[in-house]
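Residue numbers (UniProt numbering), protein chains in the order written: chain U, 1 to 124; chain B, 1 to 124. For each residue, glycine too, the CB sits at the ideal point set by N, CA and C. The next block holds one structure in the form of structure tokens; read it before the comments.
Number of protein chains: 2
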Amino acid sequence: MLNEEERLDLVFRALADRTRRTLVERLLRGPATVSELAAPLPMTLAAVVQHLKVLEAAGIVRSEKVGRVRTCRIEPAPLREGESWIGDRRTTWESRLDALDGLLAAPRRDAPAAAPDTTEGTSP
Amino acid sequence: MLNEEERLDLVFRALADRTRRTLVERLLRGPATVSELAAPLPMTLAAVVQHLKVLEAAGIVRSEKVGRVRTCRIEPAPLREGESWIGDRRTTWESRLDALDGLLAAPRRDAPAAAPDTTEGTSP
DNA sequence: CAGACACTTAAGTAGATGCTTAACGAAGAG
DNA sequence: CTCTTCGTTAAGCATCTACTTAAGTGTCTG
């Protein structure tokens with residue numbers, strides 16, 4: 001199985017291509033066959049199949065073949081994982097800013113005066 | 001200037017690498033110089049500089065040189081843009097599922113019976 | 001000034017990506 | 001059974017990526 005870092009690699013890499021994002025948006029409206037997905041796109045069906053493999057490797061798309069037709073649908077969990085990774089970090093960032101704000105807005109006499117910059121800096 | 005699609009390409013591509021995600025996490029704790037960022041990583045400083053260029057191209061990191069030292073910090077807006085792209089799509093997906101749920105849970109006699117599958121499908 | 005320091009840039013390389021064409025396999029339709 | 005349709009697979013190709021080493025450029029420091 002894949003660990004979290006590997007899954008994030010695959011999810012972000014999958015989303016880092018306009019064609020693949022277009023495929024995702026199409027699939028949000030409902031399942032579709034490979035041909036249906038390829039039809040509006042300015043490339044060969046073979047190329048679309050390759051993009052779908054990238055999305056499947058990331059777990060974003062699941063597909064099933066019936067007869068000669070493969071039907072694809074979205075699997076939302078990996079998208080949620082990518083969204084959360086960013087969201088968690090953004091939250092960290094924002095609460096760090098709030099903490100700094102607090103320090104600047106209500107400086108206490110008994111606390112050390114505000115440092116010139118932020119939290120970090122390699123100590124000598 | 002970059003349009004939205006190009007910005008998303010750059011943001012997701014920037015996040016699709018474990019080393020760059022590590023750099024982002026380090027910078028969330030506060031600004032850091034190039035050497036500080038490179039120190040814990042198992043690669044040359046030159047490689048780290050190249051990763052930082054990718055992050056800067058995506059707008060995720062901003063940096064400023066004072067004397068011979070370049071200090072880097074996070075710029076949260078592009079992260080938010082990536083997060084929103086995913087979030088908006090996930091919301092679409094979830095409300096689509098809710099709508100389907102509603103149809104299945106409370107089928108009305110005066111409405112057409114539930115279709116075998118979901119919304120879409122190329123009509124004959 | 002000399003030398004260390006903090007990058008910067010350039011060139012090279014192995015491997016991945018995003019496509020194409022082309023040949024094939026298997027399922028339905030006439 | 002033949003012909004299309006739907007998809008798969010392989011090969012090839014130009015480009016991009018993630019590094020490396022090596023040779024700079026400016027900036028402090030003693």
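Between the alpha carbons of residue i and residue j, how many angstroms are there, rounded?
| i | j | result |
| --- | --- | --- |
| R62/U | K53/B | 35 angstroms |
| I60/U | V24/U | 8 angstroms |
| M1/B | A57/B | 12 angstroms |
| L10/B | R20/U | 14 angstroms |
| R89/B | L28/U | 7 angstroms |
| R73/U | Q50/U | 16 angstroms |
| A111/U | R26/B | Unreliable placement is indicated for A111/U, whose pLDDT of 47 sits below 50; the coordinate value is still reported in the next sentence. Cα to Cα, A111/U sits roughly 26 angstroms from R26/B. |
| S35/B | K65/B | 13 angstroms |
How would you list, in chain order, the residues of chain U whose beta-carbon sits under 7 angstroms from the beta-carbon of residue i?
| i | result |
| --- | --- |
| R13/B | A16 |
| E5/B | R18 |
What does residue i touch in chain U if you count any residue whose Cβ is under 9 angstroms from its own?
| i | result |
| --- | --- |
| T92/B | E25, L28, R29 |
Does the ligand COA have a heavy atom nearer than 6 angstroms to the CB of residue i?
| i | result |
| --- | --- |
| L8/B | The ligand COA is absent from the structure shown, which contains no ligand whatsoever. |
Among the options, which one has its Cα closest to the Cα of residue i?
| i | options | result |
| --- | --- | --- |
| T92/B | A39/U, G30/U, P78/U | G30/U |
| S95/U | P76/B, P42/B, S95/B, G87/B | P76/B |
| L8/U | P40/U, G87/U, P78/U | P78/U |
Residue i versus chain U: which residues are under 8 angstroms apart at the beta carbon?
| i | result |
| --- | --- |
| D98/B | Near D98/B there are no residues of chain U at all, since even the closest Cβ is about 13 angstroms away, more than 8 angstroms. |
Can the beta-carbon of residue i be found less than 7 angstroms from the beta-carbon of residue j?
| i | j | result |
| --- | --- | --- |
| V48/B | L37/B | yes |
| T71/B | T33/B | yes |
| P18/U | E4/B | The amino acid occupying residue 18/U in the given sequence is Arg; Pro does not appear at that position. In this structure, E4/B does not lie closer than 7 angstroms to R18/U by Cβ. |
| F12/U | A16/B | yes |
So which residues of chain B does residue i contact, with C-beta pairs closer than 7 angstroms?
| i | result |
| --- | --- |
| I60/U | The premise fails here: I60/U is roughly 10 angstroms from chain B at the closest Cβ pair, so nothing lies under 7 angstroms. |
| P42/U | Per Cβ cutoff of 7 angstroms: no residues; P42/U is ~14 angstroms from chain B at best. |
Could you list which residues in chain B have their beta carbon closer than 9 angstroms to that of residue i, in chain order?
| i | result |
| --- | --- |
| R70/U | Chain B residues near R70/U: none, gap ~14 angstroms exceeds 9 angstroms. |
| L8/U | L15, A16, R18, R21 |
| G82/U | F12, L15, G82, E83, I86 |
Could you tell me whether the stretch 82-102 of chain U touches the stretch 77-97 of chain B, using the rule of 3 or more Cβ pairs below 8 angstroms? yes
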